[in-house]
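Numbers given in the working numbering equal positions in the sequence shown, counted from 1, plus 130.
C-beta atoms are modelled at their ideal positions from N, C-alpha and C, and glycine is treated no differently.
Predicted, not measured: the structure shown is a model, and the values here were computed from it.
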Amino acid sequence: MCVRIEIITTGDELMSGLTQDSNFSWSGDVLTSRGFTVEFHTTVGDYRDDISSALVVASERADAVIVSGGLGPTPDDLTAEVAAEFSGVPLELNMRAVSSIEERLSKRGRVLTDINRKQAFLPRGSRVLVNHWGTAPGFSIEKGGAVFYFLPGVPKEFRAMMDEYVLPELERKRTGRKKVRSMLIKTFGLPESEVAVRLEGIEREGIRLGYRAHFPEVHLRVTASGDTGEEAGKLIEGFAGDVRSRLGSYVFSTEGETMEEAAGMLLRRHGMTLAAAESCTGGLIAHRITNVPGSSDYFLEGVISYSNESKEKILGVPRDMLIEYGAVSAPVVEAMASGVRRLSDADIGVGVSGIAGPGGGTPEKPVGTVFIGMDSDKGGVRSEKFLFHGTREEIKLVTSSHALSFIMQIFLNKV
131 MCVRIEIITT GDELMSGLTQ DSNFSWSGDV LTSRGFTVEF HTTVGDYRDD ISSALVVASE
191 RADAVIVSGG LGPTPDDLTA EVAAEFSGVP LELNMRAVSS IEERLSKRGR VLTDINRKQA
251 FLPRGSRVLV NHWGTAPGFS IEKGGAVFYF LPGVPKEFRA MMDEYVLPEL ERKRTGRKKV
311 RSMLIKTFGL PESEVAVRLE GIEREGIRLG YRAHFPEVHL RVTASGDTGE EAGKLIEGFA
371 GDVRSRLGSY VFSTEGETME EAAGMLLRRH GMTLAAAESC TGGLIAHRIT NVPGSSDYFL
431 EGVISYSNES KEKILGVPRD MLIEYGAVSA PVVEAMASGV RRLSDADIGV GVSGIAGPGG
491 GTPEKPVGTV FIGMDSDKGG VRSEKFLFHG TREEIKLVTS SHALSFIMQI FLNKV
């Protein structure tokens, strides 16, 4: 059975742009990775008529509808009321929902109040979806040949309840279909257009390939289908191998890991340590590396040497070098990398300096000019110049990603 899926997200904060629609992006990605296709997506504000219209339209074109938001205790949380009107039944106090809310509140040392009790009024005949992660229970109803799942809008609660209730039920609805395997291939260093050129003609039967720009990376969602799970698995592994052969070291992940996780795994595998000296990134490289649990095994030290004085006093960059070449230069970042390596006794030292903007650029060194230096026994002392474009935050992010890429290249025999 082919399950036609629609996702409805509600909330004025989504319509105004103040809040990103993360529930849709997350659920769309998860459903696609399992071989489902989301055919429709609707976003509406906290208005009774708009929510009602969205439910009516969805009931006419979808088999399963996932609704996010509007189950809270405040007056603008209208989803349960609208769902009852849509079903032609009244709201009634659901004692199972009351019990789940009381249990949740008691764990926080609180008691059930009238405003929380409002959340336990659900459409008569609906099935309660107990929320073990918050106070707003979810519920499901059937209408017009479609099953509706109403879930809280809080991302943590929404995702947990998708895993607990919705995904298993959708899997059961498609019994008898081909088995599906999915893989997320992450690349860095090539624009999306160049990735597409290098992969031209790679498509084959049983494989679906989708592109997703995830600045500064390009992600490939690969879905394979076969008569058995083993067949689908072999198909996707073979396809991933072909992708790697065409993209080489631009592929850094096929298991979902981040760049910092991938770099950390290589450092740990080879028993090597790292230290970073940062100027324009302001500690972002160290922040990303130390976001990985266990990074203390290989990350020894981080220095934010923002001023010329700190580059000289802490890292030992010669003053004459700073005067002659400027802080944003190949000699300086190489000296920064060597200085922090010497200071920490690390196996690898990385140094970065650049002009993140929006001011500070010159005709010789415009905004976006960045130098990244590296010092290691294997690769020696080297540096590379870049010219990035974008906002200050984007330039800092892409710089940190290139620094992580530099580290990985040491182990991939690219330097």
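| Asked | Found |
| --- | --- |
| Cα-Cα separation between G394 and V497, rounded to whole angstroms | 30 Å |
| Secondary structure of H519, DSSP reduced to three states | coil |
| Distance, L365 Cα to V133 Cα | 23 Å |
| Classification of G424 by the beta-carbon crowding that lies within 10 angstroms, buried from 16 upward | exposed |
| Beta carbon of E137 nearer than 8 Å to that of G165 | Note on residue identity: the sequence assigns Ile, not Glu, to residue 137. The answer is no: Cβ separation not under 8 Å. |
| Ranges of the beta strand (DSSP E) found wholly within the segment 285–352, counting only runs of at least 3 | 309–318, 337–344 |
| D427, buried or exposed, once every other Cβ within 10 Å from all chains shown has been counted against 16 | exposed |
| Alpha-carbon spacing of I196 relative to F278, whole angstroms | 6 Å |
| For T529, the three-state DSSP class (helix, strand or coil) | helix |
| Backbone CA spacing between L414 and L445 [nearest angstrom] | 18 Å |
| Cβ contact (3+ pairs, closer than 8 Å) linking the segment 313–330 and the segment 351–370 | yes |
| L161, DSSP secondary structure in three states | helix |
| 8 Å Cβ cutoff, S375 in contact with chain D | Of the protein chains in the structure, only one exists, and it is not chain D. |
| DSSP state of G255 mapped onto helix, strand, coil | coil |
| Identity of the residue in V373, S189, V310 nearest E333 by Cα | V373 |
| Buried or exposed (CB count within 10 angstroms, at least 16 for buried), Y380 | buried |
| Separation of E143 from G218, as counted between CA atoms | 29 Å |
| CA-to-CA distance, I502 to V545, given in whole angstroms | At V545 the pLDDT is 46, less than 50, meaning the model places this residue with poor confidence; the figure from the coordinates comes in the next sentence. Whole-angstrom Cα-Cα distance: 14 Å. |
| Spatially closest choice to Y177 from T162, D193, L208, R289, by CA coordinates | L208 |
| Alpha helix (DSSP H) segments (min. 4 residues) lying fully within the segment 201–276 | 209–217, 225–237, 244–247 |
| Cβ shell of R289 (< 7 Å), same chain only, five flanking positions each side left out | W156 |
| The alpha helix (DSSP H) enclosing F369, as first and last residue numbers | 359–377 |
| Within 8 Å, strictly: CB atoms of I337 and F382 | no |
| As assigned by DSSP and simplified to three states, the class of M395 | helix |
| Exposed unless 16 or more other CB atoms sit within 10 angstroms - verdict on Q150 | exposed |
| Inter-residue spacing [alpha-carbon to alpha-carbon] between R240 and L259 | 22 Å |
| Whole alpha helix (DSSP H) elements within the segment 431–490, 4-residue minimum | 438–443, 449–455, 460–474 |
| Host alpha helix (DSSP H) of L414 (start-end) | 414–420 |
| Among G199, I453, S483, nearest to G175 - alpha-carbon criterion | G199 |
| Host beta strand (DSSP E) of V500 (start-end) | 499–506 |
| Where R134 falls: helix, strand or coil (DSSP) | coil |
| Helix, strand or coil at Y279 according to DSSP, with G and I counted as helix | strand |
| Backbone secondary structure at S146 - three-state DSSP | coil |
| Where A184 falls: helix, strand or coil (DSSP) | helix |
| Three-state secondary structure (DSSP) of S513 | strand |
| Three-state class that DSSP yields for F154 in the structure shown | helix |
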